[in-house]
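In terms of the UniProt record's numbering, the sequence shown has 140 at position 140, counting the first letter as 1, and numbering is strictly consecutive.
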Amino acid sequence: MKVIDVQQRSAEWHAWRKGGVSATSCAVIMDQNPDKTKLQLWRELVGLDTPPDLACIPQVRRGVKFEPVALQAFEERYGQLGLPICAESSDYPFMRASFDGLLAGNEPVEIKNLSDDNHLEVLALREKSKAYRLYRWQLLHQMIVSGASRGYLWCWSPKHEPICLVVDLNEAVAQQIIAAERRFWDMVESLTPPEADPKRDLMPHAKIDHDRWSTLAAVRRDKENAALAAKKALEELQNEITVIDDQILALMGDFKRADAYGVRVIQYEVQGRVNWKAVAESVCAAIPADVVEYHRADSRTATRISVDTEFDETTYKPEVMPQPRMAKGPVDTQALLSAGVFTF
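Below, the structure written as structure tokens:
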């Protein structure tokens, strides 16, 4: 392990992290992060997309604020000091890690200040929790960098009992991670994009039938405009009907039923709906998550289509393709386009 003299979250630190694979990228590269794909990460690393500013997320800001307090709590409970340092793997320099705390035996401590719901889930489910299954990859990467075989996920909260979960690394998993991250980093350096994930990535424009899509899109925009106009007309009619119905009801006095001149009115009582979730919670203060999942119906595929009714095909031009930050010399944009990287 090679220790890097750089302050975490400084400009120099951000630049250093871009020169390799960080621990937070491990879950993405191993297809274990539900929120990001390899292609999305690749686009960020080569400079095609701007990574989201996590500092804008209140929970992230709270985590940074409480990190020293959480590390101190770990040190006091277990009697070991943790050093917040940055390092690269001596054997695999492209593998980089920013440690929240590195113990004397090079075991990493990863601190998480989760939301209340997520923290309580970790307390209840421990190694089966979503947070553990995601963040264990961060620790596995850190252990490869530090040369350790064990790390600790320290979930700390200012409101709830903290919990420390152990993550162990074996040689087989280490080699899988090293190989996957090496392949991914080679793709970054060679500007070779990973395959798009059909379930999570945008369909590459190189795979779209542009003639048929543009024709159908034009018809779809016209239909959307017609539907919006019809909805507006229907809404106006419904408002007018409501005004007339209120006047008819006022003519009925105490009667609940009437039938005259082609208009029949029947008023009746509707029993209130039962809030079964509240009923269950009143019987059992905390419904176990596995019980909820057992009674959950099968998932289904839903579709949401958004239409830009102001879209003007006559002024439609491909976006200016940026020069990737890591490119050495001119970039073969046609090759990237054929690979389905750029969108129009």
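Every residue gets a Cβ at the ideal spot worked out from N, C-alpha and C, and that includes glycine. Computed from a prediction, not measured in an experiment: that's the story for all the values here.
Run the CB neighbour count on residue i, radius 10 Å, all protein chains shown included, and call it buried at 16 or more, exposed below.
i: T215; result: exposed
i: E181; result: buried
i: T37; result: buried
i: T343; result: For T343, the predicted structure reports a pLDDT of 44, less than 50, and the residue's modelled location is therefore unreliable. A value from the coordinates is still provided. Answer is exposed; the Cβ neighbour count stays below 16.
i: residue 358; result: Outside the shown range of the chain, which is 1 to 344, sits residue 358, and nothing can be said about it.
i: V167; result: buried
i: I144; result: buried
i: E121; result: buried
i: Y316; result: exposed
i: Y132; result: buried
i: S282; result: exposed
i: S129; result: buried
i: A230; result: exposed
i: V243; result: exposed
i: A233; result: exposed
i: S25; result: buried
i: V270; result: exposed
Is the CB-CB distance between residue i and residue j below 8 Å?
i: S146; j: A70; result: no
i: V279; j: W42; result: no
i: G82; j: E76; result: no
i: S90; j: K2; result: yes
i: residue 346; j: E235; result: One cannot answer for residue 346 here, as it falls past the ends of the chain, which runs 1 to 344.
i: A73; j: E107; result: no
i: F184; j: I85; result: no
i: A27; j: W137; result: yes
i: K18; j: L45; result: yes
i: H141; j: M203; result: no
i: G151; j: L134; result: no
i: L102; j: I163; result: no
i: V21; j: W13; result: no
i: I248; j: R257; result: no
i: E67; j: D116; result: no
i: D201; j: L39; result: yes
Where DSSP assigns a beta bridge to residue i, which residues make up the other side?
i: residue 349; result: Nothing can be reported for residue 349, as the shown portion of the chain is limited to 1 through 344.
i: C56; result: Answer is none; C56 lacks a bridge partner.
i: R150; result: D168
i: I163; result: C155
i: L45; result: DSSP output for L45 lists no bridge partner at all.
i: L83; result: L102
Roughly how many whole angstroms lie between the Cα atoms of residue i and residue j?
i: H160; j: R62; result: 15 Å
i: W213; j: R220; result: 10 Å
i: K277; j: L114; result: 25 Å
i: T50; j: C56; result: 14 Å
i: R126; j: P288; result: 13 Å
i: Y268; j: D254; result: 13 Å
i: I178; j: I111; result: 23 Å
i: A218; j: P193; result: 31 Å
i: I241; j: T301; result: 37 Å
i: Q119; j: K207; result: It should be noted that the sequence gives His, not Gln, for residue 119. Distance between the alpha carbons of H119 and K207 is about 42 Å.
i: V60; j: D53; result: 10 Å
i: D197; j: N33; result: 13 Å
i: I305; j: Y261; result: 44 Å
i: I4; j: P93; result: 11 Å
i: L237; j: G272; result: 29 Å
i: A15; j: L191; result: 18 Å
i: C284; j: V291; result: 12 Å
i: D222; j: H205; result: 23 Å
Just checking residue i against the ligand NAP - is the residue's beta carbon closer than 7 Å to any of the ligand's heavy atoms?
i: Q138; result: As presented, the structure is devoid of all ligands, the ligand NAP included, so that no description of it is given.
Does residue i come within less than 8 Å of chain B when only Cβ atoms are used?
i: V279; result: Structure shown: chain B not included; a single protein chain is present.
Worksheet item: Curious, which full-length beta strand (DSSP E) runs of at least 3 residues does the stretch 86-123 contain?
Response: If we require 3 residues or more, the beta strand (DSSP E) runs fully inside the stretch 86-123 come out as 86-88, 96-98 and 108-112.
Item to complete: Could you tell me which uninterrupted alpha helix (DSSP H) segments, each at least 4 residues in length, are contained entirely in the stretch 206-268, listed from first to last along the chain?
Response: Runs found: 210-251.
Item to complete: Just list the beta strand (DSSP E) runs in the stretch 1-41, keeping only unbroken ones of 3 residues or longer that don't cross its boundaries, in chain order.
Response: Correct list: 2-4.
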